[in-house]
Structure formats: C-alpha cells, structure tokens
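Protein chains in written order, with the numbering used here: chain A, 1 to 193; chain B, 1 to 193.
Built from N, CA and C at the ideal position, the CB exists for glycine as well.
Working notes, structure below.
There are 2 protein chains.
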Amino acid sequence: MDEHEVDGRKVRGVRRRAQIIEATLTVVRRDGAAGVTHRSVAKEAGITTSLTLYYFATLDDLLVAALTSVTDTYTSRIRQLIDTGDDPVQGLAHLIAESGGSGRERALAERELSTLAARRPALRPAARGWRDEVAELARTQTRDPDAVEAFVALCDGLCTAILLDDHDADPDHIRTMLAKSLRGTGPDSEPSP
Amino acid sequence: MDEHEVDGRKVRGVRRRAQIIEATLTVVRRDGAAGVTHRSVAKEAGITTSLTLYYFATLDDLLVAALTSVTDTYTSRIRQLIDTGDDPVQGLAHLIAESGGSGRERALAERELSTLAARRPALRPAARGWRDEVAELARTQTRDPDAVEAFVALCDGLCTAILLDDHDADPDHIRTMLAKSLRGTGPDSEPSP
DNA sequence: GTACTACTTGTACCATCGTTCAACATGAAG
DNA sequence: CTTCATGTTGAACGATGGTACAAGTAGTAC
C-alpha cells in the first residue's frame, strides 16, 4: 500500500463517526439528553441503528463523544478570544449573551451534558474544559485567584440565568457585570490578603 | 360527619402523596432524574406501581411535585437566613458550601430538576424560586440591581463549581468571594450609573 | 483472481416502561 | 345493616429501547 495514500475505508469511518456525533447533538438540542437513543440518533443521521452501535458500543460512549465535541468547539472559541481579541471580556460577554438567542439550544445541550458529568467522573474533565479556558481568560485581567474563581462562577451563573429567563440578553449589560467583578483587580494588582 | 373530625382516608392520602414525593427524591439523588419511573419510585416507596399512578397520573406530574418540594424547603431555609440571621451572607455561604459535602446529592437533584425546567416552561417558576429568594437576600446588602443580579449568578455558579469539583468547599472562602462581589455597594449605596 | 479488513444491514431477543383496567379493601355516612 | 367514596392491588397490553448476531457489501492488499 502506497504510504502516501490513506485507507479510503478508514476515512469514511471517521466521517461516519463525526456524522453520528453531529446527529447526536441535534437530538440533544431538540429533545434533551434523555432523548438520545441508538434509534433516535440513527434516524436523525439517516442510517441504521446497528451502525451507531458499530461506532459507539454503548450509549455512554456516544454521550461522552458528544459532550467532548461540544466543549471542544466552545473552548476553542474562548481561546480565540484570548489570543486575538483586544478586549476578551467583551468578546466573552457576547458569547454568554448568545445563550439566550440563537445559541440557546447549544447552551442548553451543554448544560444537560455537563449535568450528566456530575454523576460520571469520566465526563468531568470534558465538562470543566470551558471553565479552565474562562479562568485563563480571567487571568489576563487579574492576578487575584479569588477574582478568577469568582469570575468563572459568575459567567456560569449568568448563562444559567439567561437559560431560565426567556428574554434576550444584553451583551453590554453582561460586560458591565463582568467588568465590575474584576474592578480593582488589574493585570498588575496583587492577590488580595 | 362531625365537622371537627377529618376524614381519615384523606389524611392517609395526603401522607401517601408525601411519601411518594420523598421516594421520588431518593431516586433522583441516587440515580438521577433519568432514573425516575413509576416502577422505580414505587419500589423505593415499598408500594405498588399502580398506586403511584393513582396519585400522579403522569411522570411529569411526579417530577413537578418533586421539584416543587425541593425548592420549597430550599427557599424556606434562605428566607430563614433573611429573617433571623444577623449575617445572612455568611449563612448563605454555608448553605452553598454544603453542595460539596453532605448536601451534594441534594444539590445535584436540584440541578437536574432545574435543568429539566429549562425545557418545560411549567417548571420554571419553581426552578426560579430560590433565585428570587437569593436576590431578596442580596437586596438587604445593596440597592444596586446589577450587583443583585451578579450576586445571584455568582451563587449559582459557585454551586456548580463545587458540584464539578470533588474537594469539599470552604465556607469562609465562599463568604469572602460573596462579600467581594458586594464590595463598594452597601445598603445605602446608590445604583451604579 | 483470492484473502483480508472495514463497513453496513435486517432481524430478532429480552428487558423495561407508561398506562389501562377490573377487582378488592376499608373506612365513612345514613 | 347498606351505600358510597377513597384507597389499593395484580395482571396485562402495547410501545420503546439496548444489544447481539449472522449475513452482506465494498474497498484494499497481494
């Protein structure tokens, strides 16, 4: 076999895997994590039930893969804010505000999966991924560990509040609250006593 | 019928109802909201499946009752802090810290039920009960609406963080962060511009 | 071509679950 | 006592779901 060529079968396999994960997330967004079954996912993807079992032997495997996929894209967006944004806090405020409008289903899906994680230790690292990323973003604004911890909790709580409310969220308002929580702690400030 | 006597049958009915709700919460704590079925609840309560259906015609009814019961006891505890506590923030800090130790299962149950609420509008009022109560507690400390909103979000996020972590939470540490979020806004301070 | 691996399907088994139903039990009312 | 409402039971039906399995297809290697 030509070492420069890849096995076309395996390529298809990888694509199928991604397709199944995508279908899983669609189901979670629409019906919640409880709606995820081999059959519902297969139907959503337009394939047979056996095929989802071929790639994910158990439902747990499928949910782990779905959660990991969600948090990966989320954390990469935050990382982008840290690396390229001149005002990462404002960018984060927009990201949070999204939980109420177009991104509601996505935010809801993430919350459901992250709730699952509280019961399955194997899922916790994935569930904490975006928290770690937000913490790193906060560390570009303050050196106070307490402030970082509070900042992360605040972001999480704001997302929840937006999910439970129905009204759209105002990014500027969120930005104000985020900035306030960092008030008095700049990049050069010392940890609080 | 003597108007001073109560119908013994109805009394038993009310007790049964409470017993079933209690069993439901036990199941939620042990197996999660997904583990709640008429059969699992009945087995936990030591009664027949038909009886749970006699009192709660559908699973939704059962979950609504369970969530309401949880939030009721929670909000009453917070209300107690507001009414009788001399330092409600410290009391709240202890309450939050409980999410990590003895109260972990309870906090987890509440989170699962509140996640359900995001999808079922009928559950939202119950899910927001404790948030409203925390907001009122915050209003005894500041007049700034933004500070109140941020305070509530912070409490919620801290609970989540504790749930995802494994280590026990330090009440004093939480109290410090809560106090910081109110810093500069006392009972007499004006709303921020 | 054959052999091999990866992928894909249809079917079936078995457990669980929501819900219904008819019958039974028991305490209350007259 | 009779009558009635409330509580309680056990069995059953139909639907859904996790999973196993044997067979089939199609790329790849030789």
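I need the DSSP call for residue 83 of chain A, collapsed to helix, strand or coil.
Here residue 83 of chain A refers to the residue found at position 83 of the first sequence. Helix, per DSSP.
Tell me which same chain residues have a C-beta within less than 6 Å of the C-beta of residue 168 of chain A, skipping the five on either side of it?
In the first sequence, residue 168 of chain A corresponds to position 168, counting from 1. If we look at residue 168 of chain A and ignore the five residues flanking it on each side, its Cβ neighbours are 100 and 101.
Name, please, each residue of chain B whose Cβ falls closer than 7 Å to the Cβ of residue 34 of chain A.
Position 34 of the first sequence, counting from 1, holds the residue named residue 34 of chain A. Under the 7 Å cutoff, chain B gives 34.
Below 6 Å CB to CB, which residues in the same chain sit around residue 113 of chain A once its five sequence neighbours on both sides are set aside?
Counted from its first residue, the first sequence places residue 113 of chain A at position 113. If we look at residue 113 of chain A and ignore the five residues flanking it on each side, its Cβ neighbours are 67.
Candidates B/19, B/32 and B/90, of which the one nearest residue 56 of chain B by Cα
By one-based count along the second sequence, residue 56 of chain B stands at place 56. Measuring from the Cα of residue 56 of chain B, the nearest candidate turns out to be B/19.
Measuring CA to CA, which of B/47, B/136 and B/9 is closest to residue 149 of chain B?
As a working note, residue 149 of chain B is residue 149 in the second sequence. Nearest option by C-alpha distance: B/136.
Where does the unbroken alpha helix (DSSP H) through residue 110 of chain A begin, and where does it stop?
On the first sequence, position 110 is the one that residue 110 of chain A refers to. Here the alpha helix (DSSP H) through residue 110 of chain A covers 104–119.
Can you have a look at residue 97 of chain A and say buried or exposed, based on whether 16 or more other CB atoms are within 10 angstroms of its CB?
Residue numbering aside, residue 97 of chain A sits at position 97 when the first sequence is read from its first letter. Buried is the call here.
Please list, in chain order, the chain A residues whose beta carbon lies closer than 8 Å to that of residue 195 of chain B.
No statement about residue 195 of chain B is possible, as the shown extent of chain B runs from 1 to 193 and does not include it.
Tell me which residues of the region 137–162 of chain B have at least one Cβ-Cβ distance to chain A shorter than 8 Å, keeping chain order.
146, 147, 149, 150, 152, 153, 154, 155, 156, 157, 158, 160 and 161
Buried or exposed for residue 125 of chain B, please, with buried defined as at least 16 other CB atoms from any protein chain shown within 10 angstroms of its CB.
Here residue 125 of chain B corresponds to residue number 125 of the second sequence, with the count starting at 1. By the 10 Å Cβ count, residue 125 of chain B comes out exposed.
Report the three-state DSSP secondary structure of residue 31 of chain A (helix, strand or coil).
The residue given as residue 31 of chain A occupies position 31 in the first sequence. Here residue 31 of chain A sits in helix by DSSP.
Whole angstroms is fine: what's the gap from residue 42 of chain B's alpha carbon to residue 59 of chain B's?
Taking the first residue of the second sequence as position 1, residue 42 of chain B is located at position 42. Taking the first residue of the second sequence as position 1, residue 59 of chain B is located at position 59. The straight-line gap from Cα to Cα measures roughly 12 Å.
Smallest Cα separation from residue 175 of chain A: which of B/147, B/91 and B/129?
For the purposes of this step, residue 175 of chain A is identified with residue 175 of the first sequence, where counting begins at 1. Out of B/147, B/91 and B/129, the CA that lies nearest to the CA of residue 175 of chain A is found in B/147.
For residue 46 of chain A, count neighbouring C-beta atoms within 10 Å of its own C-beta (all shown protein chains included) and say buried if the count is 16 or more, exposed if not.
Along the first sequence, read from residue 1 onward, the residue named residue 46 of chain A stands at position 46. Residue 46 of chain A comes out exposed.
Three Cβ pairs or more, each shorter than 8 Å: is that satisfied between the region 150–157 of chain B and the region 68–79 of chain B?
At 8 Å Cβ cutoff, the stretches do not touch.
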